[in-house]
Amino acid sequence: MDAPADSTASLATGVGGRRPTPVDLPVQGGYAARLPRERKLELYRWMRLTRTLEERLVALYRQTKVVGGLFRSLGQEADAVGSAFALERRDILSPLIRNLGSMLVKGATPVEILKQYMAKGDSPTRGRELNIHFGDLDRGFVGQISHLGDMVPVMAGVALSFKLRGEDRVVLVYVGDGATSTGAFHEGINFAAVQKVPLVCIVENNGYAYSTPTARQTAARAFVDKAPGYGIPGVVADGNDVLATYEVTKAAVDRARAGGGPTLIELVTYRRKGHAEHDNQSYVPDGEIEWWAANNDPIDRYVQWLAEHEHVTPAELAALDEEVQRQVDAATEEAERAGTPEPADCLEGIYAEPPRLGAHWYREGVRSAVERNERPASWGTHDG
Amino acid sequence: MAEITYLEAIREALVEEMERDPEVFCMGEDIGAYGGAFKVTEGLMARFGEHRVIDTPISEAGFVGAAAGAAHMGMRPVVELQFIDFISCAYDMLTNYVATARYRAFLPCPMVVRGPSGGYVRGGPFHSQNPEAAFLHTPGLKIVYPATAEDAKGLMKAAIRDEDCVLFFEHKYLYRRIKGVMPAGDHVVPIGKARTAREGTDLSIITYAATVHKALEAAEQLAAEDGLSVEVIDLRSLLPMDDEAIVATVRKTHRVMIVHEDTRTGGIAGEITARINESCFEWLDAPVLRVTAHDVPLPYAPALEDFVLPQVRDIVTVARHLARY
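As they're listed, the protein sequences go chains A and W. Residues in the first sequence are numbered from 991 upward in steps of one, following my numbering. Residues in the second sequence are numbered from 4 upward in steps of one, following my numbering.
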């Protein structure tokens, strides 16, 4: 399952810049090895669902049914799925924009994702927020905001609540390579480390923050090198190897659960699509995307691994693919049928109290504020 | 019952709420063993332990964000900013994350962000600020700014019990200068209700925080020297604002001035003026006037600070102009 040895060397001189060599983690815990065959097939299914759902979103985007931007995780499905798979049901994660797979593993449904993108009235945020920006504490995911790094302090606080209450729960927060440059990332990790809260932070190094290559993001050799600066362990793994991402995350989650405090994990992967669907990736060196597509696709690699190690047949996988396709088709039908939000719903729920704000007077059929107002008897007489 | 200071009233509220609700905890810089830069949290760590009085790294965005996360999970964090001037370091976290959480993600964020605010103390540009107007413009936050010891306690208890994030501005000039006798029992002052600090019939001064006391002093002088009956409205809560109390005083005296310690442009006085204009313009006998700080960072030297900030004589001057209009 290893990528060819020259896989990153060939990229090192491009504008994509230096990228840490993916390393296969020594399987210390043997967690991945202990996964039963059906759980290993689940990993495949989540990755396939992520990709199929995103492909459907692309079709809907082209039909202008996705009203905002579309963010793909093509080529990064393994890091999202494998890491989230290491959590227990009671644990909580906060995804980043390319962690659709993590959310699906945590119980987000395709129809919810589709309704979010299509801004439907009964979408998880009732049309208030975009794409995968939504959460559900019961299922264990907290919606992100666009300000990168901000979720690190917030999730450190969620982890703090687990520590203060003595709850046996762990928090997983994702950031990209770009977010590691923010103050919020630093403050959050530092706070978590000092308080020794059960937080695992994954840095998804996919080579680019929008168009900015990692070499323009940090002078560090690798993002994982930041870990010792916070006094916490750091580990780097091949983000395109789903079992490796599961392995390192599970080890860090177990450590956090046992009271060992935070771990910083760098998962090395590659963003094969632009920042969002509109981005033509003109800044990417020729051949780079094609190389990763041909040689280091996480699903292709896992299919090969399953065949070699678990004797999974093409027919078995085709049956899973078909099931996923049916699920996405049904979800699409349901999402397309859903209505748009009632405009005045936007005034509800900014506070618990008052629960609803009033609309401006000119939206209520009153012709002027002055007309509505009472006046003193002397009004308009200019004699005071 | 004995009088206690504005500062002690805040501490009393924290103690009572921490005793009442085990989910309440405090976080901030130097608030534990040291008891905080102004000693508001003195004795709390000894009483409630390190788990409920947490000393943090110097990272306002970090611990304000962490408070939000803990609040999502049902805890009730009370965060101290060592000086409210440093709230700007957490501006992104408060405006983008905290203020939007309920609306965009249906995540409750019951937390209090409190800190010593305001000038008249020779604190210079970074230990004297009144940044409340910057947050008035953010839907999803609540803002209170008490002027009396009784309100400091009652509003703190209300803020801790509120289901949303409350920014609790404490005026450091009032910390030890103002005293009050606390009402017996569970003293909670509702957020969003103004207080008539002095009844009057000739003109109204709408204000809050330290300038309530400047306005009361001015009213006393105007009564003695001019025979003017001045009403003083202490807003107490800035977001939500008590529109009914504002309209009532306009309709009563027909002449209104607004006094605040913050700078003028884009300030809260402008917002109040607009509300009066829209809701009770017809009841005015004079334009709404403002007494505020000058639009400069607050300088350190006494001669400069005194010139920049509103003084009693400024309020008297403008009130006389308003009464004559």
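Virtual Cβ for every residue (Gly too), placed ideally from N, Cα, C.
The region 1182 to 1189 of chain A and the region 1279 to 1293 of chain A do not touch, with fewer than three beta-carbon pairs separated by less than 8 Å. Within chain A, no residue has its CB atom less than 7 Å from the CB of Leu47 of chain W, the nearest being about 15 Å off. At a cut-off of 9 Å between beta carbons, Ser62 of chain W contacts chain A. Under the Cβ criterion (8 Å, minimum of three pairs), the region 1319 to 1326 of chain A counts as touching the region 1097 to 1113 of chain A. If you check the CB distance, Asn1121 of chain A and Leu1083 of chain A do not come in under 9 Å.
Between the alpha carbons of Ala74 of chain W and Glu285 of chain W lies a distance of about 45 Å. Residue-level contact check: Tyr1107 of chain A does not touch chain W, since none of the beta carbons of chain W fall below 9 Å from its beta carbon.
Taking a C-beta distance under 9 Å as the contact criterion, Lys160 of chain W and Val191 of chain W qualify as a contact pair.
By the criterion of at least three beta-carbon pairs nearer than 8 Å, the region 99 to 110 of chain W is not in contact with the region 34 to 51 of chain W. In this structure, Gly1178 of chain A sits near Gly1139 of chain A, with a CB-CB distance shorter than 9 Å.
Cβ neighbours of Tyr1273 of chain A within its own chain (closer than 6 Å, five residues either side excluded): Ser1201.
The alpha-carbon of Lys175 of chain W is positioned some 10 Å away from that of Ile181 of chain W. A Cβ-Cβ contact shorter than 9 Å links Gly1229 of chain A with Val1258 of chain A.
A contact is defined here as three or more CB-CB pairs under 8 Å, and the region 126 to 144 of chain W meets this definition with respect to the region 229 to 247 of chain W. Looking at W:Val67, W:Pro300, W:Gly35, W:Gly143, the one whose alpha-carbon comes closest to that of Arg125 of chain W is W:Pro300.
Per DSSP, the continuous alpha helix (DSSP H) segment holding Asp154 of chain W begins and ends at 152 to 164. When the Cα atoms are used, Val235 of chain W and Met185 of chain W turn out to be separated by approximately 22 Å.
Taking a C-beta distance under 9 Å as the contact criterion, Gly68 of chain W and Met30 of chain W do not qualify as a contact pair. If you draw a straight line from the Cα of Arg1155 of chain A to the Cα of Val319 of chain W, it comes to about 55 Å. By the rule that beta-carbons nearer than 9 Å mark a contact, Met21 of chain W does not touch chain A. The beta-bridge partner set that DSSP reports for Gly183 of chain W consists of W:Ile7.
At a cut-off of 9 Å between beta-carbon atoms, Lys145 of chain W makes contact with chain A. Contacts between Met1145 of chain A and chain W, judged by CB atoms closer than 8 Å, involve Gly72 in chain order. A Cβ of chain W is located within less than 9 Å of the beta carbon of Asn1180 of chain A. Ala1242 of chain A places its beta carbon less than 9 Å from that of Val1225 of chain A. The C-beta of His1268 of chain A has fewer than 16 other C-beta atoms within 10 Å across all chains shown, which makes the residue exposed.
Against chain A, the beta carbon of Asp167 of chain W has neighbours under 9 Å at Ile1340, Tyr1341, Ala1342, Glu1343, listed in chain order. The C-alpha of Met1141 of chain A is placed about 21 Å away from the C-alpha of Phe28 of chain W. Rounded to the nearest whole angstrom, the CA to CA distance from Asn1270 of chain A to Thr210 of chain W is 55 Å.
Listed along chain A is no residue with a C-beta nearer than 8 Å to that of Gly118 of chain W; the closest approach is about 18 Å.
Of all residues in the region 82 to 104 of chain W, the ones placed with a Cβ closer than 8 Å to any Cβ belonging to chain A are Asp95, Met96, Asn99, Tyr100, Thr103, in chain order. Taking the Cα positions, Pro1333 of chain A is about 28 Å away from Glu247 of chain W. Under the criterion of beta carbons closer than 8 Å, Arg1261 of chain A and Gly1058 of chain A do not qualify as touching, at roughly 19 Å.
Listed as beta-bridge partners of His174 of chain W by DSSP are W:Ser120.
Of the residues W:Ser207, W:Ile13, W:Glu32, the one whose Cα lies closest to the Cα of His257 of chain W is W:Ser207.
Here the region 215 to 231 of chain W lies against the region 305 to 322 of chain W, with 3 or more beta-carbon pairs under 8 Å apart.
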